[in-house]
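Protein chains: 2
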Amino acid sequence: MTSVLVCDDSPLAREALRRAVATVPGVERVTTAANGEEVLRRWGADRSDLILMDVRMPGLGGVETVRRLLSADPGARIIMLTVAEDLDGVALAVAAGARGYLHKDASRAELRATVTQALADPTWRLAPRRLRSTEMGAAPTLTAREIQVLEGMSHGRSNAEIGRELFLSEDTVKTHARRLFKKLGASDRAHAVALGFRWGLVR
Amino acid sequence: MTSVLVCDDSPLAREALRRAVATVPGVERVTTAANGEEVLRRWGADRSDLILMDVRMPGLGGVETVRRLLSADPGARIIMLTVAEDLDGVALAVAAGARGYLHKDASRAELRATVTQALADPTWRLAPRRLRSTEMGAAPTLTAREIQVLEGMSHGRSNAEIGRELFLSEDTVKTHARRLFKKLGASDRAHAVALGFRWGLVR
DNA sequence: ACGACGGTCACCCGAAAGAGTTACGGGGGC
DNA sequence: GCCCCCGTAACTCTTTCGGGTGACCGTCGT
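Residue numbers (the numbering used here), protein chains in the order written: chain A, 1 to 203; chain B, 204 to 406.
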């Protein structure tokens, strides 16, 4: 029974990853965890053949989780997931024994190819490479204006206030708002702000 | 020149901590960092006498940062900051060499006392203790109902929908909403959701 | 050259939201 | 005993939001 464990603190990314991994031929079970602690806690009772784990997670970070997991089970196969910003974290994780890494904006095909290969060859290690594309669990791409409007919302400003701040008419702000709602799948500004935080688009 | 470094990924908590620490007699400089990487990067050029660091941070977690910091500089004095939920992280950090820890809802007075003592005595270690109170940079205390309402907002639900979900009238939901706005200092629901994320009240 | 997309703005309209106020019962603290 | 906070609920009133639609212009890619 081939099983894969997906670990990411972002619920949206986690779901997207789970769905993507589930389509890989041969994978019969995909479990998920929200943080490193959860992975370690469950590893004793429930070992997977492969772990996909985010580098940046609250609590026990991905790097430390890799260390502790490998000291408990040197045979564990782990692939780190990362965004462009924390390449050093990836380097640490690979140094600690992770088999490779994937950028979060890797295409679904690249993700599947990597998972397939890692499952097929127990000794496989990823030759470092950079990936692009906009598939998988990548955050929706907002334009600069849309992010400015979203940030305004996250600071509690009304459309009119955002407009004054950005030297735009309120109607224009509303247009940007409507467009970013659609991209994010948000039903209102509160939802949009929440999704912005969950996707890491705003802080 | 006595200097203290405050490290927390939450901007609000960071500012609150910075202000609190700055009032400690003898402290002449307070610098801040948003994550472990930043602390490590700057440690070579700019060493502080004491570090206050959050346990849970994105990227390099507090525990791992303690390890790497102490392996680079065994004399570094570090106090971990934590919320009630990650006591294991604290245990790890203390095991790794942190001098002690403070709950984030410790009173400002307790924070100052701890910092004063840690600065005065280079060998000081905190005897484990639990603290309470609502001073310092603690997140506003929302009631269970208020958090439920805030979570509903973060999922894009209207007041009426939240009411149906929680078996409350829409008017009651609006009352909870108004009260949580006031506690958080939010001007509308989008702002409240943003503050909820920044304070770590919702995910 | 054409179309898709992004940035700008406008108008209409119904549905929400938010502020203000009142109220009543229960619990905890002083 | 009293007061403050919480949970519940209702009422009114004004503002804002969000959807729908249409429009003009510039850019980029094909």
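Ideal Cβ placement from N, Cα and C applies to all residues, glycine included.
- Spanning the alpha carbons of B:Ala216 and B:Met256 requires a straight line of approximately 11 Å.
- With a beta-carbon spacing of about 15 Å, B:Val352 and A:Val193 fall beyond the 8 Å limit used to define contacts.
- Distance from the CA atom of A:Ala113 to the CA atom of A:Asp49, rounded to whole angstroms, is 16 Å.
- About 4 Å separates the beta carbons of B:Lys386 and B:Pro343, which is inside the 8 Å limit, making them a contact pair.
- Within a 10 Å sphere around the beta-carbon of B:Phe370 sit fewer than 16 other beta-carbons, which makes this residue exposed.
- Taking the C-beta atoms as reference points, B:His394 is found no nearer than 9 Å to A:His191.
- Here the alpha carbon of A:Gly44 sits roughly 23 Å from the alpha carbon of A:Val21.
- Only those residues of the region 140-166 of chain A whose C-beta falls short of 7 Å from the nearest C-beta of chain B are listed: Met153, Ser154, His155 and Gly156.
- At least 9 Å separates the CB of B:Ala275 from every CB of chain A.
- Think of a sphere of 7 Å around the beta carbon of B:Arg392: the chain A residues whose beta carbon falls inside it are Ala190, in chain order.
- Within chain B, no residue has its CB atom less than 8 Å from the CB of A:Ala98, the nearest being about 14 Å off.
- Collapsing the DSSP output to three states places B:Gly303 in a strand.
- With contacts defined by Cβ atoms closer than 9 Å, A:Arg77 and A:Arg99 form a contacting pair.
- Listed in chain order, the positions of the region 167-187 of chain A with a beta carbon within less than 8 Å of a beta carbon of chain B are Ala186 and Ser187.
- Burial of A:Asp8 is indicated by the presence of at least 16 other C-beta atoms within 10 angstroms of its C-beta.
- For B:Arg232, the pairing in a beta bridge is given by DSSP as B:Ser206.
- For A:Asp171, there is no enclosing beta strand (DSSP E); the enclosing alpha helix (DSSP H) has its first and last residue at Glu170 to Leu184.
- Each of B:Ile254, B:Thr226, B:Leu322 and B:Tyr304 was checked against the Cα of B:Asn238, and the nearest Cα belongs to B:Ile254.
- Note on geometry: alpha-carbon atoms of A:Val24 and A:Pro74 lie some 25 Å from one another.
- When only Cα atoms are considered, B:Thr268 and A:Arg68 end up about 15 Å apart.
- Beta-bridge partners of B:Ile281 (DSSP): B:Ile254.
- DSSP places B:Ser357 in the helix class (H, G or I) of the three-state scheme.
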